[in-house]
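In what follows, a single structure is set out as structure tokens and then discussed.
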Amino acid sequence: MQEVRVTKNLPSTLKKSPWKIPKSVLYPSLTLLIILIIWELCGLLNLIDPFMFSWPSKIFTEAIAFFVSAEVFTHLAVSGMEVGIGFAMALIGIPIGLAMGYWKSLELAFDPFVTALYTTPMIALTPLFVLWFGLDTLSKVMMVFALSIFPILINTMSGVKMTDPSLIKAARSYGASRGQMFKEVILPSAIPFIITGIRLAIGRALIAVVVAEMLAGNKGIGYAIRHASELFQTAQYLAYVAVLMVLSVLLTELLKIFEKKIAPWRNL
Numbered sequence: 050m051q052e053v054r055v056t057k058n059l060p061s062t063l064k065k066s067p068w069k070i071p072k073s074v075l076y077p078s079l080t081l082l083i084i085l086i087i088w089e090l091c092g093l094l095n096l097i098d099p100f101m102f103s104w105p106s107k108i109f110t111e112a113i114a115f116f117v118s119a120e121v122f123t124h125l126a127v128s129g130m131e132v133g134i135g136f137a138m139a140l141i142g143i144p145i146g147l148a149m150g151y152w153k154s155l156e157l158a159f160d161p162f163v164t165a166l167y168t169t170p171m172i173a174l175t176p177l178f179v180l181w182f183g184l185d186t187l188s189k190v191m192m193v194f195a196l197s198i199f200p201i202l203i204n205t206m207s208g209v210k211m212t213d214p215s216l217i218k219a220a221r222s223y224g225a226s227r228g229q230m231f232k233e234v235i236l237p238s239a240i241p242f243i244i245t246g247i248r249l250a251i252g253r254a255l256i257a258v259v260v261a262e263m264l265a266g267n268k269g270i271g272y273a274i275r276h277a278s279e280l281f282q283t284a285q286y287l288a289y290v291a292v293l294m295v296l297s298v299l300l301t302e303l304l305k306i307f308e309k310k311i312a313p314w315r316n317l
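Start counting the sequence shown at 50; every next residue gets the next number (my numbering).
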């Protein structure tokens, strides 16, 4: 019995180690480490043709080189501006999705056109965008906008339609106005769907800007990737791709933090 009392009186810092790594960080980190080790070993054992592919140490060396020379920051600034402007324009999908989800007549009138445009392979229309908007920034911005708006719009509309009918009835029974209904019931219900739409749109935006810059650009990450591939600099090519992957992950994680701030009930 005395031993039990001693255990109960131990400080909380001794009961739980402060150095414990969350599983959400530990598991993907271990998986990535294993993949990188196997990949690196394949390269060192000459199982990979450096002309056709590369391995982590060479890719890392190339990444360090263009970070030191600051070349990557020039390309990132251009691509970031194009993605930022196009993505900001695509957020118009949120109010449009709210309206289409709330008013059935709007959904019936425009949903077939939204579906048709969403399923259209916009990447195939890149030459047409260049023809319409020129070789400068505007064509890339419009490509980002065209590929980003529909995931946001469709997910927002779905979020409105998934609102619990009992909550709407309760709000109406208490005399809530249309504005209060949107603010207190519909919008909070739709927020997780809106965040999901934005997450999907981030990936499509990065694809759009890279493809547009590869086809019609003289600066930006897409242009840098095309230039490296034309010179058969595979390690540099993959280093730029790795930068895009890391950037995409960082943007997604920032979005998760933002979701926790505006929708804390999602983490209960």
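Here a beta-carbon is modelled for each residue, glycine too, at the ideal position from N, C-alpha and C.
None of these values were measured; they are calculated from a predicted model.
Assuming Met206 contacts Gly146 (C-beta within less than 8 Å), just tell me the rounded distance between them.
Locating residue 206 in the sequence shown gives position 157, where the first residue counts as 1. Locating residue 146 in the sequence shown gives position 97, where the first residue counts as 1. The pair is a contact, with the Cβ atoms about 4 Å apart (cut-off 8 Å).
Just curious, the alpha helix (DSSP H) that Thr164 is in, first and last residue?
What you label residue 164 is simply residue 115 of the sequence shown in a count that begins at 1. For Thr164, the uninterrupted alpha helix (DSSP H) segment begins and ends at 153–168.
Return yes when the Cβ of Val260 is within less than 7 Å of the Cβ of Ile172, no when it is not.
Your numbering for residue 172 matches position 123 in the sequence shown. Your numbering for residue 260 matches position 211 in the sequence shown. Yes. Within cutoff.
Answer yes if the region 129–144 comes into contact with the region 200–220, meaning at least three C-beta pairs across the two stretches below 8 Å, and no otherwise.
The region 200–220 vs the region 129–144: in contact.
7 Å Cβ shell around Ala286 - same chain, five flanking residues per side excluded
Mapped onto the sequence shown, residue 286 falls at position 237. First, the amino acid is wrong: residue 286 is Tyr here, not Ala. If the five residues before and after Tyr286 are omitted, its C-beta is found closer than 7 Å to the C-beta atoms of Ile274, Ala277, Ser278, all from its own chain and listed in chain order.
If you draw a straight line from the C-alpha of Gly150 to the C-alpha of Gly208, how long is it?
On the sequence shown, position 101 is the one that residue 150 refers to. On the sequence shown, position 159 is the one that residue 208 refers to. Computed Cα separation, rounded: 8 Å.
Is Ala158 buried or exposed, if buried means 16 or more other CB atoms sit within 10 Å of its CB?
Translated into the one-based positions of the sequence shown, residue 158 becomes position 109. Counting every other CB atom within 10 Å of its CB across the protein chains shown gives Ala158 a total below 16, marking it as exposed.
Neighbourhood of Thr245 by C-beta distance below 6 Å, restricted to the same chain and skipping five residues each side
Stepping through the sequence shown from its first residue, residue 245 is reached at position 196. Cβ neighbours of Thr245 within its own chain (closer than 6 Å, five residues either side excluded): Asn204.
Could you give the first and the last residue of the continuous alpha helix (DSSP H) run that contains Pro77?
Within the sequence shown, numbered from 1, the residue matching residue 77 stands at position 28. Per DSSP, the unbroken alpha helix (DSSP H) holding Pro77 starts and ends at 72–93.
Would you call the CB atoms of Ala148 and Leu155 closer than 7 Å?
If you number the sequence shown from 1, residue 148 lands on position 99. If you number the sequence shown from 1, residue 155 lands on position 106. Taking 7 Å as the Cβ cut-off, Ala148 and Leu155 qualify as a contacting pair.
Which same chain residues, not among the five before or five after Ala291, have their C-beta less than 7 Å away from its C-beta?
Counted from its first residue, the sequence shown places residue 291 at position 242. Scanning its chain for C-beta atoms nearer than 7 Å, with the 5 sequence neighbours on each side dropped, one finds around Ala291 the residues Ile108, Ala112, in chain order.
Taking DSSP as the reference, what is the three-state secondary structure of Val104?
Looking up residue 104 in the sequence shown gives position 55. Note on residue identity: the sequence assigns Trp, not Val, to residue 104. Correct three-state label for Trp104: coil.
Three-way DSSP call (helix, strand, coil) for Gln51 in this model
For the purposes of this step, residue 51 is identified with residue 2 of the sequence shown, where counting begins at 1. For Gln51, the predicted model reports a pLDDT of 48, less than 50, meaning its position is unreliable; a value from the coordinates is still stated below. If DSSP states are grouped into helix, strand and coil, Gln51 belongs with the helices.
Can you tell me which of the three DSSP states Ser66 falls into?
Here residue 66 refers to the residue found at position 17 when the sequence shown is read from its first residue. Any reading at Ser66 needs caution, since the residue's pLDDT is 49, under 50, leaving its predicted position unreliable; the model's value is listed next. Here Ser66 sits in coil by DSSP.
Identity of the residue in Glu233, Ile270, Gly228 nearest Asp213 by Cα:
Here residue 213 refers to the residue found at position 164 of the sequence shown. Among Glu233, Ile270, Gly228, the Cα nearest to that of Asp213 belongs to Glu233.
Curious, which full-length alpha helix (DSSP H) runs of at least 4 residues does the region 219–305 contain?
Entirely contained in the region 219–305, the alpha helix (DSSP H) runs reaching 4 residues are, in chain order, 227–230, 236–264, 270–279.
Going by the CB atoms, is the gap between Glu262 and Gly271 shorter than 7 Å?
Position 222 of the sequence shown, counted from the first residue, corresponds to residue 271. Position 213 of the sequence shown, counted from the first residue, corresponds to residue 262. Yes, the Cβ-Cβ distance between Gly271 and Glu262 is below 7 Å.
Between which two residues does the alpha helix (DSSP H) containing Gly183 stretch?
Here the question's residue 183 lines up with position 134 in the sequence shown. It is not in any alpha helix (DSSP H) - Gly183 carries neither H nor E in the DSSP assignment.
Residue range of the unbroken alpha helix (DSSP H) whose run includes Ile134:
As a position in the sequence shown, residue 134 is number 85, starting the count at 1. Its alpha helix (DSSP H) spans residues 120–139.
Euclidean distance between Cα positions of Ile217 and Ala195
Residue numbering aside, residue 217 sits at position 168 when the sequence shown is read from its first letter. Residue numbering aside, residue 195 sits at position 146 when the sequence shown is read from its first letter. Our two residues, Ile217 and Ala195, have alpha carbons roughly 33 Å apart in a direct line.
Quick check on this structure: which residue in Met130, Ser106, Asn95, Pro77 has the alpha carbon closest to the alpha carbon of Lys268?
For the purposes of this step, residue 268 is taken as the residue at position 219 of the sequence shown. Closest option to Lys268, Cα to Cα, is Met130.
Could you check how far apart the C-beta atoms of Ser188 and Ala265 are, in whole angstroms? I think they sit under 8 Å.
Walking along the sequence shown from the start, residue 188 turns up at place 139. Walking along the sequence shown from the start, residue 265 turns up at place 216. Right, their Cβ atoms sit about 6 Å apart.
Trp152: which of Leu180, Pro176, Lys210, Val132 sits nearest, CA to CA?
Residue mapping note: residue 152 aligns to position 103 of the sequence shown, counting from 1. Check the Cα spacing between Trp152 and each of Leu180, Pro176, Lys210, Val132: the tightest is with Lys210.
By DSSP, does Thr212 sit in helix, in strand, or in coil?
As a first step, residue 212 is located in the sequence shown; it is residue number 163 there, counting from the start. Residue state, collapsed to three classes: coil.
Mind checking Ala219: buried by the 16 CB within 10 Å criterion, or exposed?
By one-based count along the sequence shown, residue 219 stands at place 170. Around the beta carbon of Ala219, fewer than 16 other beta carbons lie within 10 angstroms, which makes this residue exposed.
Pull up the distance between the alpha-carbon of Met294 and that of Ile306, whole angstroms please.
In the sequence shown, counting from the first residue as 1, residue 294 sits at position 245. In the sequence shown, counting from the first residue as 1, residue 306 sits at position 257. Counting only the Cα atoms, Ile306 lies some 19 Å from Met294.
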